[in-house]
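Asker: This note's numbering puts the first residue of the sequence shown at 9, with every later residue one more than the last.
Where is the CB? At the ideal position from N, CA and C, for every residue including glycine.
No experiment lies behind these values; they were computed from the predicted model shown.
Have a look at this one before I ask anything.
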Amino acid sequence: ILRGSVARPHLKPYMASLQLDGQHVCGGFLIAEQWVLSAAHCTEETDGKLFQVLLGAHSLTEPEPHKRLYQVRAQFPHPGSNIHNNKDDLLLLQLEEKAELNADVRVLPFQREDRDVAADTVCEVAGWGTIDHSGTRPDKLHQVERPVISRDVCNHRTRHDGTITQNMMCTDSRRKDTCKGDSGGPLVCDGVAEGVVTAGSRVCGNYKKPAIYTRIAPYAAWIDGVMASADG
Ligand SMILES: CC(C)CC(=O)Nc1cccc(-c2cccc(CN)c2)c1
9 ILRGSVARPH LKPYMASLQL DGQHVCGGFL IAEQWVLSAA HCTEETDGKL FQVLLGAHSL
69 TEPEPHKRLY QVRAQFPHPG SNIHNNKDDL LLLQLEEKAE LNADVRVLPF QREDRDVAAD
129 TVCEVAGWGT IDHSGTRPDK LHQVERPVIS RDVCNHRTRH DGTITQNMMC TDSRRKDTCK
189 GDSGGPLVCD GVAEGVVTAG SRVCGNYKKP AIYTRIAPYA AWIDGVMASA DG
């Protein structure tokens with residue numbers, strides 16, 4: 009998160025850190041006791057290894073009362089996701105067991121009504137992604153508020169030039185923005201997850217490249233189907 013602030017500890021109890029060998033790679037969030045939603049492109053550099061999922065954390069390194077690292081039983085990237093574009097950039101992770109829910113570990117509801125969030129709505133996004141242009145990685149969760157911009161503005165030829173589909177949404181990226189390692193985290197508007205951070209043009213804080221999110225509502229049926237089909 010570029011030019012945001014340190015989040016209030018454990019006030020975003022749905023946040024997950026997807027880790028490999030103890031290193032934060034991407035964000036995610038708890039959508040059910042045994043399921044985390046993230047971004048499919050986060051698996052690009054994992055060489056087929058499964059993530060571990062850290063829940064209940066504010067600091068990535070310090071001991072905290074309800075912090076716990078969960079093994080992943082299975083990962084389900086959306087079948088339409090690919091490395092060449094941001095389409096269908098969603099990843100479902102089934103935890104090895106149901107997460108123990110408590111004050112610091114809680115499910116976040118996601119939007120099921122497929123209707124665009126109005127432009128200028130101020131939403132919030134959080135993550136352990138890089139916090140400056142030198143790629144400094146934070147120990148603590150950061151957050152930032154960002155206004156939604158319309159798909160028409162986001163698709164302008166000087167911005168994302170028509171690549172933003174109706175399954176995507178954008179927020180203004182002037183100065184304050186998402187960045188590397190924030191992918192997979194939720195865009196939360198009025199307490200509901202409306203989108204999942206995707207890397208898009210992989211630049212941060214440049215107003216000509218607004219932040220892009222995969223809208224969740226269009227994928228509600230896919231999410232429900234995977235959760236229902238996987239055992240348990
Ligand atoms: C395996 C993956 C972690 C590789 C990757 O995603 N790299 C990468 C590099 C630079 C910027 C970003 C990035 C992420 C989220 C939002 C944005 C744009 N605001 C950029 C992402």
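Tell me L100's beta-bridge partners as DSSP assigns them.
Answerer: BP columns for L100 point to L45, F84.
Asker: Taking the alpha carbon of P194 as the reference point, which residue from R182, V44, D147, E108 has its own alpha carbon closest?
Answerer: For P194, the nearest C-alpha among the options comes from V44.
Asker: Which class does Y127 belong to by DSSP, given the choice of helix, strand or coil?
Answerer: Rather than Tyr, the amino acid found at residue 127 in this sequence is Ala. Residue state, collapsed to three classes: coil.
Asker: Between the region 49-60 and the region 105-125, are three or more C-beta pairs nearer than 8 Å?
Answerer: With a cut-off of 8 Å, the region 105-125 and the region 49-60 do not count as touching, because too few Cβ pairs lie within range.
Asker: Considering only residues of the same chain and omitting the five flanking positions on each side of G88, which have a CB-CB separation below 8 Å?
Answerer: The residues are K95, D96.
Asker: Rank R223, Q151, D180, V61 by C-alpha distance to the C-alpha of Q119 and give the top, closest one.
Answerer: Of the listed residues, the one whose Cα sits closest to Q119 is R223.
Asker: For the beta strand (DSSP E) that V61 lies in, which residues bound it at each end?
Answerer: Residues 60-63.
Asker: Might you give, ordered along the chain, the residues of its own chain that have their beta carbon closer than 8 Å to the beta carbon of K217, omitting 5 neighbours on each side?
Answerer: These residues qualify, in order along the chain: R167, H168, S181, G208, S209, V211.
Asker: Return the Cβ separation of V156 and V125 in integer angstroms, given the expectation that the two are a contact with Cβ distance under 8 Å.
Answerer: That belief holds up - the Cβ atoms of V156 and V125 are roughly 5 Å apart, short of 8 Å.
Asker: From this set, Q42, R183, D140, T144, which residue's C-alpha is nearest D239's C-alpha?
Answerer: It is Q42.
Asker: Just to check, is the beta-carbon of G208 closer than 6 Å to a non-hydrogen atom of ligand 1?
Answerer: Indeed, a heavy atom of ligand 1 lies less than 6 Å from the Cβ.
Asker: I need the boundaries of the alpha helix (DSSP H) containing R159, first residue and last residue.
Answerer: Where R159 is concerned, the enclosing alpha helix (DSSP H) stretches over 159-162.
Asker: Which partner residues does P194 have in the DSSP bridge list?
Answerer: Per DSSP, V204.
Asker: Among the residues of its own chain, which have a CB less than 6 Å from the CB of G219, if the five just before and after it don't count?
Answerer: Looking at the sequence shown, residue 219 is not Gly but Ala. Cβ neighbours of A219 beyond the five flanking positions: T179, S181, D185, T186.
Asker: Which word fits L19, buried or exposed, when buried means at least 16 other C-beta atoms lie within 10 angstroms of its C-beta?
Answerer: Exposed: under 16 other Cβ atoms inside 10 Å.
Asker: Which one of P21, D112, H32, G170 has the shortest CA to CA distance from R145?
Answerer: Residue H32 is the option with its Cα nearest to R145.
Asker: Below 6 Å, is the gap between the Cβ of D190 and the nearest heavy atom of ligand 1?
Answerer: Correct: D190 has its Cβ closer than 6 Å to ligand 1.
Asker: Going by alpha carbons, who is nearest to R123 out of E132, G12, A228, P17?
Answerer: R123 has its Cα closest to that of A228, out of E132, G12, A228, P17.
Asker: Can you tell me the Cβ-Cβ gap for G137 and K75, rounded? I've got them flagged as a contact below 8 Å.
Answerer: Contact flag wrong, Cβ pair sits at about 19 Å.
Asker: Alpha carbons only, please: which of C197, I231, D55 is nearest the one belonging to C131?
Answerer: Ranking C197, I231, D55 by Cα distance to C131 puts C197 first.
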